[in-house]
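By this note's numbering, the letter at position 6 of the sequence shown is numbered 7, and the numbering carries on one by one without gaps. From the three backbone atoms N, C-alpha and C, an ideal C-beta is built for every residue, glycine too. Some notes on the structure that comes next.
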Amino acid sequence: MDATKLRRAIARTPLAPVAAFPKRLARVARHDAKVLRTSARWLLTSREHHNYTYDLTKLSRHHLAWFVSVVCDIPVKQVRAYLDEIESDDTLRQHIQQATAGAARRGLADKQVRYARRIGWYAIVRASRPTHVVETGVDKGLGSCVLAAALLRNAAEGHTGRVTSLDINPEAGYLARTAPWAEVVDLVIGDSIASIAALDRPVDLFLHDSDHSRAHERREFEAVESKLAPNALLLTDNVTATNVLAEHAERTGRRFLAYRETPANHWYPGDGIGVAW
2 MDATKLRRAI
12 ARTPLAPVAA
22 FPKRLARVAR
32 HDAKVLRTSA
42 RWLLTSREHH
52 NYTYDLTKLS
62 RHHLAWFVSV
72 VCDIPVKQVR
82 AYLDEIESDD
92 TLRQHIQQAT
102 AGAARRGLAD
112 KQVRYARRIG
122 WYAIVRASRP
132 THVVETGVDK
142 GLGSCVLAAA
152 LLRNAAEGHT
162 GRVTSLDINP
172 EAGYLARTAP
182 WAEVVDLVIG
192 DSIASIAALD
202 RPVDLFLHDS
212 DHSRAHERRE
222 FEAVESKLAP
232 NALLLTDNVT
242 ATNVLAEHAE
252 RTGRRFLAYR
262 ETPANHWYPG
272 DGIGVAW
């Protein structure tokens, strides 16, 4: 009996799992070894302790372009141009590097500027041209800068807009306190639910990125519903952890789509973007 016939014969017996164990063990070991190497390198070279930053894999970036293309109903080539636009914005990159280097929390921030899925936020803002963006959860203000950069590009093309950035931490948003980005950012410190209730103009794009508990995420989408402009976009940064936005979309008669990012050379499995429209 040749080797192929022998393997097939064993596969039909109770010995099959035992015979396959060495190959299965080798595959798991190779995977775990890669994760351990990546984790060890990150522990030695990164300063971050939360809100990790990283680049996307090439394939993940391709998938993100198609995701935005479908959501915003524009050609994928245009989306790729928007992604290139934010990644090649040297002025913004230099600002973030300099602001990080001079910040009180610089010991917990990496020097390298990496946007991850936020380039998708940028492309969505460029494509949808919102007049009023609201984001909850600011932290250092990296996302706020990305949103502001998109709004500034839109303004240069005749479509003005502003972003209202909500956070409960008075120290939040230090990256977004410098012109020209600060010129289109309204930083509001306080509870997000109360701040949403106080909004005095319609919201064209809403992004949840604050307290990631299911209850709070649900409360934010319920609170902003009466504030939304016609055809508003709802985004969540919590889509890999909850189904809150999908459930909200179903209740309110919207479509929903989710994208999960894949970080390049990072131990963290990544987050994603959920959109209801």
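Enclosing alpha helix (DSSP H) for residue i [first to last residue]
{"i": "residue 33", "result": "17–46"}
{"i": "residue 196", "result": "193–198"}
{"i": "residue 136", "result": "Per DSSP, residue 136 belongs to no alpha helix (DSSP H); it is in the beta strand (DSSP E), 133–137."}
{"i": "residue 161", "result": "Here residue 161 belongs to no alpha helix (DSSP H), and DSSP marks it neither H nor E."}
{"i": "residue 85", "result": "77–88"}
{"i": "residue 74", "result": "From DSSP, residue 74 is part of no alpha helix (DSSP H); its letter is neither H nor E."}
{"i": "residue 93", "result": "91–102"}
{"i": "residue 245", "result": "245–253"}
{"i": "residue 54", "result": "Careful: residue 54 lies outside any alpha helix (DSSP H) and carries neither H nor E."}
{"i": "residue 7", "result": "4–12"}
Alpha-carbon to alpha-carbon, residue j and residue i
{"i": "residue 164", "j": "residue 185", "result": "6 Å"}
{"i": "residue 152", "j": "residue 28", "result": "47 Å"}
{"i": "residue 43", "j": "residue 32", "result": "17 Å"}
{"i": "residue 225", "j": "residue 25", "result": "49 Å"}
{"i": "residue 93", "j": "residue 107", "result": "18 Å"}
{"i": "residue 169", "j": "residue 17", "result": "57 Å"}
{"i": "residue 90", "j": "residue 96", "result": "10 Å"}
{"i": "residue 135", "j": "residue 148", "result": "10 Å"}
{"i": "residue 20", "j": "residue 4", "result": "13 Å"}
{"i": "residue 262", "j": "residue 203", "result": "30 Å"}
{"i": "residue 215", "j": "residue 126", "result": "25 Å"}
{"i": "residue 176", "j": "residue 142", "result": "5 Å"}
{"i": "residue 12", "j": "residue 253", "result": "51 Å"}
{"i": "residue 56", "j": "residue 268", "result": "12 Å"}
{"i": "residue 130", "j": "residue 140", "result": "24 Å"}
{"i": "residue 271", "j": "residue 69", "result": "18 Å"}
{"i": "residue 46", "j": "residue 189", "result": "34 Å"}
Residue environment, residue i, which counts as buried when at least 16 other CB atoms sit within 10 Å
{"i": "residue 54", "result": "buried"}
{"i": "residue 275", "result": "buried"}
{"i": "residue 158", "result": "exposed"}
{"i": "residue 76", "result": "exposed"}
{"i": "residue 7", "result": "exposed"}
{"i": "residue 257", "result": "buried"}
{"i": "residue 199", "result": "exposed"}
{"i": "residue 181", "result": "exposed"}
{"i": "residue 22", "result": "exposed"}
{"i": "residue 67", "result": "exposed"}
{"i": "residue 9", "result": "exposed"}
Beta-bridge partners of residue i, as assigned by DSSP
{"i": "residue 60", "result": "DSSP lists no partner for residue 60."}
{"i": "residue 190", "result": "168"}
{"i": "residue 264", "result": "57"}
Opening and closing residue of the beta strand (DSSP E) in which residue i lies
{"i": "residue 275", "result": "273–277"}
{"i": "residue 232", "result": "229–237"}
{"i": "residue 217", "result": "Per DSSP, residue 217 belongs to no beta strand (DSSP E); it is in the alpha helix (DSSP H), 215–225."}
{"i": "residue 208", "result": "204–209"}
{"i": "residue 123", "result": "Counting along the chain, residue 123 falls outside any beta strand (DSSP E), though it belongs to the alpha helix (DSSP H) covering 119–129."}
{"i": "residue 259", "result": "257–261"}
Counting Cβ pairs, one atom from each stretch, are 3 or more of them under 8 Å apart for the region 228–236 and the region 197–208?
-> yes
Give a yes or no on contact between the region 88–105 and the region 31–39, applying the rule of three or more CB pairs nearer than 8 Å.
-> no
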